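*Asks:*
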Amino acid sequence: MKRARLAEQARADIELIKRRRERIAEDFYDIGEALVRLKRPGVPESLGHKSFGDLCQAELGLSASKAAQLLAIVRSVPREQARSLGQERAAALLALAEATPEDDSTVTLASSVLKLPSGKRVDIATAPTRALREAAKEIRQAHAAADKPRRGLTTTAPERAAALALQRALRDLGLAEAHVAAVARHGGGAFVRIERVPLAELDLLRKALRPGRP
Numbered sequence: 034m035k036r037a038r039l040a041e042q043a044r045a046d047i048e049l050i051k052r053r054r055e056r057i058a059e060d061f062y063d064i065g066e067a068l069v070r071l072k073r074p075g076v077p078e079s080l081g082h083k084s085f086g087d088l089c090q091a092e093l094g095l096s097a098s099k100a101a102q103l104l105a106i107v108r109s110v111p112r113e114q115a116r117s118l119g120q121e122r123a124a125a126l127l128a129l130a131e132a133t134p135e136d137d138s139t140v141t142l143a144s145s146v147l148k149l150p151s152g153k154r155v156d157i158a159t160a161p162t163r164a165l166r167e168a169a170k171e172i173r174q175a176h177a178a179a180d181k182p183r184r185g186l187t188t189t190a191p192e193r194a195a196a197l198a199l200q201r202a203l204r205d206l207g208l209a210e211a212h213v214a215a216v217a218r219h220g221g222g223a224f225v226r227i228e229r230v231p232l233a234e235l236d237l238l239r240k241a242l243r244p245g246r247p
């Protein structure tokens, strides 16, 4: 009898966990959609905050990087796919889709086998989430190495400082994954390379480039 009661309770707990896991998967997407609304122009200011990042930290105890992750998922991953993957795997798959040189989406990438610069093949459907993150990192590093200036070309300290200042401004506005670099070129001067700024957030890029102006 005792064993039967334990088994009955165990089955009930398993079902409870399954229901709660489904709810968590649904809730994180709803949170992301709410963050999209909170990020609209004028909303943070209406609550007395200087930026969306300030609002997230003060009102929600949410880091800029986590808020950026949720926003990116909602904007680029369909709800049903995000729900089936869960927040962390959806974020990892999205990072991989953004890292590849092809115009991949999380939907097209989810069932593919990806060949990495090292020659290793990754079956996206069965690979652990950590492997997806590592694959995205490998691809980004390979691209960075290919873009590395040839010997004799370099940037100046002021150019690097300007790029870093722009990167900080973008991250202060909530784009936690934004990356800005000064790239040396022949003839002097430098190009600016801006990465991981969603097209949907170009208004924030303009704001970062024009500090103190609406």
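Quick note: the sequence shown uses this note's numbering, first residue 34, plus one each step. Just so it is clear, CB atoms sit at the ideal spot from N, CA and C, and this is done for glycine as well. Source: prediction; values computed, not measured.
1. Once you ignore the five residues that flank Ala100 on each side, which residues in its own chain have a CB closer than 7 Å to its CB?
2. Using only CA atoms, which one of Ala195, Leu203, Lys240 lies nearest to Ala215?
3. Taking DSSP's pairing of strands, which residues face Asp156 in a bridge?
4. What span of residues does the beta strand (DSSP E) with Glu228 cover, start to end?
5. Our contact map puts Glu121 next to Ser151 with C-beta atoms below 8 Å; I'd like the distance itself, whole angstroms only.
6. Is it buried or exposed for Leu232, if we count other Cβ within 10 angstroms and need 16 for buried?
7. Which residues in the same chain as Val107 place their Cβ atom closer than 7 Å to its Cβ, once the five residues preceding and following it in sequence are excluded?
8. Which residue or residues does DSSP assign as beta-bridge partners of Gly176?
9. Give the straight-line distance between the Cα atoms of Ala130 and Leu203, rounded to the nearest whole angstrom.
10. Let me confirm a value: Glu41 is counted as buried when at least 16 other C-beta atoms fall within 10 Å, else exposed. Which label applies?
*Replies:* From the atom records:
1. Position 67 of the sequence shown, counted from the start, is the residue given in the question as residue 100. Correct list, in chain order: Leu68, Cys89, Gly207.
2. In the sequence shown, residue 215 corresponds to position 182, counting from 1. Selected option, being the one with the closest Cα: Ala195.
3. Numbered from 1 along the sequence shown, position 123 holds the residue referred to as residue 156. The partner list for Asp156 (beta bridge, DSSP) reads Val146.
4. Position 195 of the sequence shown, counted from the first residue, corresponds to residue 228. Here the beta strand (DSSP E) through Glu228 covers 223-228.
5. Walking along the sequence shown from the start, residue 121 turns up at place 88. Walking along the sequence shown from the start, residue 151 turns up at place 118. Wrong, their Cβ atoms sit about 24 Å apart, outside the cutoff.
6. Numbered from 1 along the sequence shown, position 199 holds the residue referred to as residue 232. Note on Leu232: under 16 other CB atoms within 10 angstroms of its CB, so exposed under the neighbour-count rule.
7. Translated into positions along the sequence shown, residue 107 becomes position 74. Same-chain partners within the cutoff: Tyr62, Gly65, Glu66, Val69.
8. For the purposes of this step, residue 176 is taken as residue 143 along the sequence shown, with counting starting at 1. According to the sequence shown, residue 176 is His rather than Gly. Answer is none; His176 lacks a bridge partner.
9. To locate residue 130, count along the sequence shown from 1; it is residue 97. To locate residue 203, count along the sequence shown from 1; it is residue 170. Distance between the alpha carbons of Ala130 and Leu203: 22 Å.
10. As a position in the sequence shown, residue 41 is number 8, starting the count at 1. Classification of Glu41: exposed, given that the 10 Å Cβ count is below 16.
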